[in-house]
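Engineer: Protein chains in written order, with the UniProt record's numbering: chain F, 1 to 309; chain A, 1 to 309; chain H, 1 to 309; chain C, 1 to 309.
Quick reminder that beta carbons are idealized off the backbone N, C-alpha and C, glycines included.
Just passing along the structure, written as structure tokens.
There are 4 protein chains.
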Amino acid sequence: MRTFAYLGPSGTFTETALDQVPEAQGANRIPVATVHEALDTVVSGEAEAAMIAIENSIEGGVTSAQDALATAPGMRIRSEHLVSVNFSLVVSPGTTLADVETVAAHPVAYAQCAKWMAEHLPKAVHLPAASNVSAARDLGSSVAHAAISTPRITEVVESLEVLATGIADSSEAQTRFVLVSRDTTLPAQTGADKTSLIVELPNDRAGSLLDMLEQFATRGVNLSLIQSRPIGDRLGRYRFVIDLEGHIRDERVAAAMLGLKRVSPRVMFLGSYPRADGQRAVVADRFSDESFTDARDWLREIVSEAPAR
Amino acid sequence: MRTFAYLGPSGTFTETALDQVPEAQGANRIPVATVHEALDTVVSGEAEAAMIAIENSIEGGVTSAQDALATAPGMRIRSEHLVSVNFSLVVSPGTTLADVETVAAHPVAYAQCAKWMAEHLPKAVHLPAASNVSAARDLGSSVAHAAISTPRITEVVESLEVLATGIADSSEAQTRFVLVSRDTTLPAQTGADKTSLIVELPNDRAGSLLDMLEQFATRGVNLSLIQSRPIGDRLGRYRFVIDLEGHIRDERVAAAMLGLKRVSPRVMFLGSYPRADGQRAVVADRFSDESFTDARDWLREIVSEAPAR
Amino acid sequence: MRTFAYLGPSGTFTETALDQVPEAQGANRIPVATVHEALDTVVSGEAEAAMIAIENSIEGGVTSAQDALATAPGMRIRSEHLVSVNFSLVVSPGTTLADVETVAAHPVAYAQCAKWMAEHLPKAVHLPAASNVSAARDLGSSVAHAAISTPRITEVVESLEVLATGIADSSEAQTRFVLVSRDTTLPAQTGADKTSLIVELPNDRAGSLLDMLEQFATRGVNLSLIQSRPIGDRLGRYRFVIDLEGHIRDERVAAAMLGLKRVSPRVMFLGSYPRADGQRAVVADRFSDESFTDARDWLREIVSEAPAR
Amino acid sequence: MRTFAYLGPSGTFTETALDQVPEAQGANRIPVATVHEALDTVVSGEAEAAMIAIENSIEGGVTSAQDALATAPGMRIRSEHLVSVNFSLVVSPGTTLADVETVAAHPVAYAQCAKWMAEHLPKAVHLPAASNVSAARDLGSSVAHAAISTPRITEVVESLEVLATGIADSSEAQTRFVLVSRDTTLPAQTGADKTSLIVELPNDRAGSLLDMLEQFATRGVNLSLIQSRPIGDRLGRYRFVIDLEGHIRDERVAAAMLGLKRVSPRVMFLGSYPRADGQRAVVADRFSDESFTDARDWLREIVSEAPAR
């Protein structure tokens, strides 16, 4: 039976992301506690893939996931998933807002609902919980009168009543998740693809970052994410987490990666995969596959034989 | 009396960072729950400054702090502080490791000590706590046998015993904190300064990021942090959180900022301040203040009068 | 009386260019033999200005003029002039095409009329002349039956008859001339200006030329001429002759020149002057004078006082 | 019999350059009058190759040769030749310096010896000649007492005496010549090669020249010559004459040319050939052939099959 890991317990936003994966329907699901543990299940073969939050997450920061990917061996992103992040206030049946004096919640979720709480439950006491799900699940057996949980908690704990929905201070937050595995088969090109890389710079001089970015710009490759992370071995050395528009099989992307590989001491390819938002890349004529093919044909004719490349 | 806000409660790493601020010695200290709340106390004037974690923090992610700074009005970073982040396992006097069946801990701290826990307390049950400090403070009055807390917790809760120190999986983590206020007086140049900016790009074409970075590179300005953040108003628009080496009164930095201002629809200056690590910028001759002054003198002579600049 | 030098003798295209200069009307005119001699008359004060061909000339190549400007002290270009270059075949009155067996012509002019000669006078013998003008002037006293000369030769030598006009192989050639002097007063901005520079590069690495050009590109300054010239002191060192769109009093041009001055070991300013073709520069908003002024105001406010610049 | 064209007559510096070509020893040599005529003999097949001056020449400017190459079909540079350019003053036997009242000389050569003439023969009258060779050859049959000619004129006209050598104002001038043919076989790589191109830019915006040069800089390709030439079809459009270090079979050069081909509406390849000065290119590791090969191997492994390139 196929097995997938995710940041648990059941009912988390990460599981919602996993629900978007067709192969994970009816598959075995392993809830884990950290990004590292999620990747470990994949490295060990226990799970074929793991869903992890990679950006804007309340369940683990982008940095820890990025650092984990940078150090885990052979990880590949297979697909990308967006989940709208919001919270509900749930209670045992019969409880009203006026009854609520204590609220169980994961500390981060509690902080993200601070405005709603200040307005509607200014005197409520916060009881910290290990996860958004356990807060709700344990409602009956704890001193908490209410819990801040995920919208789909009622699928997991059917006995709950929802007192309020959309109580997060920011109503439009989305978290980006990625499904990672050790499968190195490339997903097919769709025209709306993304490629993730981790690139180290040779040193910290002003020009080396520019040298790196010119590899993209001279081939018309847009970046949708760039983030510096200290490498940690000594001061002033950085690796860059980069998401770019396009698939490694797109000529312009392949050319940029060849350039990167030459100027960087280390390039990790994390995968090419369809964009969750389906937005197609807009590519100027001179960066189209045809433009690359034409140039190669032209050069080949000049050197009068298949070039030694 | 002077007042400073920090992410509380007393005993957190953030308070350790605040201890590094001379003006905060003996001052009034307001513990707050979130980065937004910290900035609010400054905006309202309740506190003259707030200490917030800005990078690598277990007490709140870099992204939320960066986004908060990008939207709070008129914030200025006054100083930067590094705190070594580590954890201790603390107990009530007399408790031994063999006695420990339950461990109170903030969920994030618990995750960061996962390896040590798996090795030394594989059967212990995690009891989530609202903070690293409250986990320890409540030891006597809860069902927890031990707590994961900060090294300096024994200063706050004197009755505790330390069973183990340095139990975090990564022993060398540092968190970077910044002290923010609304004071727009510029700290003096020290030669080892940092300048923080938030810059929006006009659009997402491949060249606009490069245009931005050329403003730095053509003036020999090194970046120590660059991070893209979606602006959020519509897809494909980004702001960049940037730390650069140097002070806005350094000629090369001022010139780069003038260039940035011209090519970017919005540049937020978050402050120039001494680097916590004291590392002095290495500046090539052609980017020295003298080089800029000489060039201006040369140009002024050509235009035969004080140029209209 | 005002005095101007030009590549003579009277009747040359260079004198036609000088005719375009209002101050030269009725002034004393000194015909000289070479570009160096022309500049010498200016350096010595004998002439207040000299007209020299700077591009596409049949009367002296662009390179010699550029090299001369690069080494003459304190030369400034005051204005630019375009002259349509063409040739006529002239004879003593009564001579017909059938009579012409010998043709006097400056060797370069003869070469430029090669096609017309091959078609109409295939058997004619070339008698070299020192200039296009002397060829015609000496017609009566030499063995030449006809002369290749400038269209306005009949103003100088009234006794001549024109057998054919427009006999040059290329009918649309224009030569660009510049009037140079030691007057360092800057001509006023017109909105359709040009600035001429000679810039040395620090060495011949691939990046240094790019560094130089980025000084222009990051300020939106277009180049209308760029030409590498070996400096001559040792292999691999180059100076660049550059014409750019705009006046040194334009903010974007001044900023680019400040940048150039910092990255180049030697920048020679040869002048800002109105373009002969009157074509106005198209400047993107972000490179307008206002954009520069706004940026400076913004920076000045940040540093809370008139910046030390 | 093999046939080569050169700018004649016999005895010119161009013939000296042709002497450097092994295949031209004992071959048929056609002296021609202009660069265009030289190329015509190659296009028509009359000559297999033509020697033309391409830079710093007294016998025809760089611009005309460059423009000719840009418009002649299918021209390829096969080799490059340097000739030290200097002049001698020659006379009929028995003539002394004191006797010389008239000097025959090509006007350009006369100008280049202006200082020597002013010092040693201040009163001499210049008699223009069609070439440096004919000036000397016709000494006996003209009114000239002396001639300015090439050092090797005495091989051609044995009856002459040399009164002075090295009389040019600049004693170290070299002229660069190239041998052009329609043979498209590439000369072998030597490690000290040069590649000549003519590249058109899409328009005159500030960035397009930079885009072009980044194609070279991102691959570590040095330029030894860059020269803008107006295309002539309308204002503001330029072509660039470029000499770069390296052979089209060098990976970095091939990559730069592929990039150029994509961003430029027209790239003319004029040839890869050994440098006359034998100076080997210094190539950073990251631009070595190995670096390119390694990068391709790395990419190929990622895409799990021979990439479609």
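Between which two residues does the alpha helix (DSSP H) containing MET257(H) stretch?
Structural biologist: 251-263
Engineer: Nearest to LEU139(C) by alpha carbon, out of ARG280(C), LEU7(C), VAL91(C) and SER170(C)?
Structural biologist: VAL91(C)
Engineer: Express the C-alpha separation of LEU163(C) and ASP243(H) in angstroms, rounding to a whole number.
Structural biologist: 44 angstroms
Engineer: At 4 residues or longer, and completely inside the segment 83-120 of chain A: list those alpha helix (DSSP H) runs for me, N to C.
Structural biologist: If only complete runs of 4 or more residues are kept, the segment 83-120 of chain A shows the alpha helix (DSSP H) at 107-112 and 114-120, in order along the chain.
Engineer: Counting only beta-carbon separations shorter than 8 angstroms, does GLY60(A) have a partner in chain H?
Structural biologist: Residue confidence for GLY60(A) is low, a pLDDT of 42 falling below 50, so the modelled location carries little weight; the figure read from the coordinates is stated next. Closer than 8 angstroms: no.
Engineer: For SER304(H) and THR185(A), I'd like the C-alpha separation in whole angstroms.
Structural biologist: 7 angstroms
Engineer: Buried or exposed for ASP250(H), going by 16 or more other Cβ atoms inside 10 Å?
Structural biologist: buried
Engineer: Does the segment 39-46 of chain F come within contact of the segment 135-152 of chain F, defined as at least 3 CB pairs closer than 8 angstroms?
Structural biologist: no
Engineer: Could you compute how far the alpha carbon of THR175(F) sits from the alpha carbon of PRO9(A)?
Structural biologist: 29 angstroms
Engineer: In chain A, what lies closer than 9 angstroms to PRO107(F) by C-beta?
Structural biologist: ALA33, HIS106, PRO107, VAL108, PRO128, ALA129, ALA130 and SER131
Engineer: Since LEU7(F) is in the alpha helix (DSSP H), which residue starts that stretch and which ends it?
Structural biologist: It is not in any alpha helix (DSSP H) - LEU7(F) instead sits in the beta strand (DSSP E) that spans 3-7.
Engineer: In angstroms, rounded to a whole number, what distance separates the CA positions of THR102(F) and THR41(A)?
Structural biologist: 26 angstroms
Engineer: Would ILE226(C) pass as an interface residue toward chain H - the criterion being a Cβ-Cβ separation below 8 angstroms?
Structural biologist: Taking Cβ atoms only, chain H reaches closer than 8 angstroms to ILE226(C), which makes this a yes.
Engineer: Against chain H, which members of the segment 274-291 of chain A pass a CB distance test of less than 8 angstroms?
Structural biologist: Hits within the stretch, in order: ARG286, PHE287 and SER291.
Engineer: Looking at chain F, is there any beta carbon in it that lies within less than 8 angstroms of the beta carbon of GLN164(C)?
Structural biologist: What sits at residue 164(C) in the sequence shown is Ala, not Gln. Judged by the 8 angstroms Cβ criterion, ALA164(C) is not in contact with chain F.
Engineer: Tell me the DSSP bridge mates of LEU186(F)?
Structural biologist: For LEU186(F), which the question treats as bridged, DSSP gives no partner whatsoever.
Engineer: Nearest by alpha-carbon distance to ILE198(C): which of ALA295(C), GLU301(C), MET257(C) and PRO22(C) is it?
Structural biologist: MET257(C)
Engineer: When we look at the beta-carbon of SER196(F) and count the other beta-carbons within 10 Å, is it buried (16 or more) or exposed?
Structural biologist: With 16 or more other CB atoms across the displayed protein chains lying within 10 angstroms of its CB, SER196(F) is buried.
Engineer: By the three-class DSSP mapping on this structure, what secondary structure does MET75(A) have?
Structural biologist: Here MET75(A) sits in coil by DSSP.
Engineer: Taking only beta-carbon atoms, is ILE242(C) less than 8 angstroms away from chain F?
Structural biologist: no
Engineer: Give the residues of chain A in contact with LEU209(F), contact being defined as C-beta atoms less than 7 angstroms apart.
Structural biologist: Contact annotation for LEU209(F) against chain A: LEU213 and LEU223 [CB-CB distance below 7 angstroms, chain order].
Engineer: If you compare alpha carbons, which of SER79(H), GLN279(H), ARG252(H) and PRO128(H) is closest to GLU290(H)?
Structural biologist: ARG252(H)
Engineer: Does the distance from the CB of SER272(C) to the CB of ILE167(C) come in under 8 angstroms?
Structural biologist: no
Engineer: Taking Cβ positions, are ARG280(C) and VAL180(C) nearer each other than 8 angstroms?
Structural biologist: no
Engineer: Beta carbons nearer than 8 angstroms to chain H: which residues of the segment 5-16 of chain A have them?
Structural biologist: Against chain H - using a Cβ distance shorter than 8 angstroms - the segment 5-16 of chain A contributes no residues.
Engineer: Mind checking whether ILE148(C) and ALA217(C) have CB atoms under 8 angstroms apart?
Structural biologist: No. Outside cutoff.
Engineer: Does the CB of ALA24(F) have a neighbour CB from chain A at under 8 angstroms?
Structural biologist: Chain A, which has no Cβ nearer than 8 angstroms to the Cβ of ALA24(F), makes this no.
Engineer: Grab me the residues of LEU39(F)'s own chain with a C-beta within less than 8 angstroms of its C-beta, minus the 5 sequence neighbours each way, in chain order.
Structural biologist: The answer, listed in chain order, is ALA50, ILE52, ALA68, LEU69, ALA72, MET75 and VAL180.
Engineer: Would you mind reading off the limits of the beta strand (DSSP E) that contains PHE287(A)?
Structural biologist: Element bounds for PHE287(A): n/a, residue is neither H nor E.
Engineer: Using a Cβ-Cβ cutoff of less than 6 angstroms, which residues in the same chain neighbour VAL156(A) once the five nearest sequence positions on both sides are dropped?
Structural biologist: SER10 and GLY11
Engineer: Alpha carbon to alpha carbon, how far is PRO107(F) from VAL108(A)? Give it in angstroms, no decimals.
Structural biologist: 10 angstroms
Engineer: State the beta-bridge partners of LYS123(A) as determined by DSSP.
Structural biologist: Per DSSP, none; premise fails for LYS123(A).
Engineer: Is DSSP giving GLN227(C) helix, strand or coil here?
Structural biologist: GLN227(C): strand per DSSP, three-state reduction.
Engineer: Can you give me the Cβ contacts of residue 310(A) inside the same chain, cut-off strictly under 7 angstroms, excluding the 5 residues immediately before and after it?
Structural biologist: No answer is possible for residue 310(A): it lies beyond the span of chain A, which begins at 1 and ends at 309.
Engineer: Hey, would you say GLN227(A) sits closer than 8 angstroms to SER208(F), going by beta carbons?
Structural biologist: no
Engineer: Is the beta carbon of GLY220(A) closer than 8 angstroms to that of VAL133(A)?
Structural biologist: no
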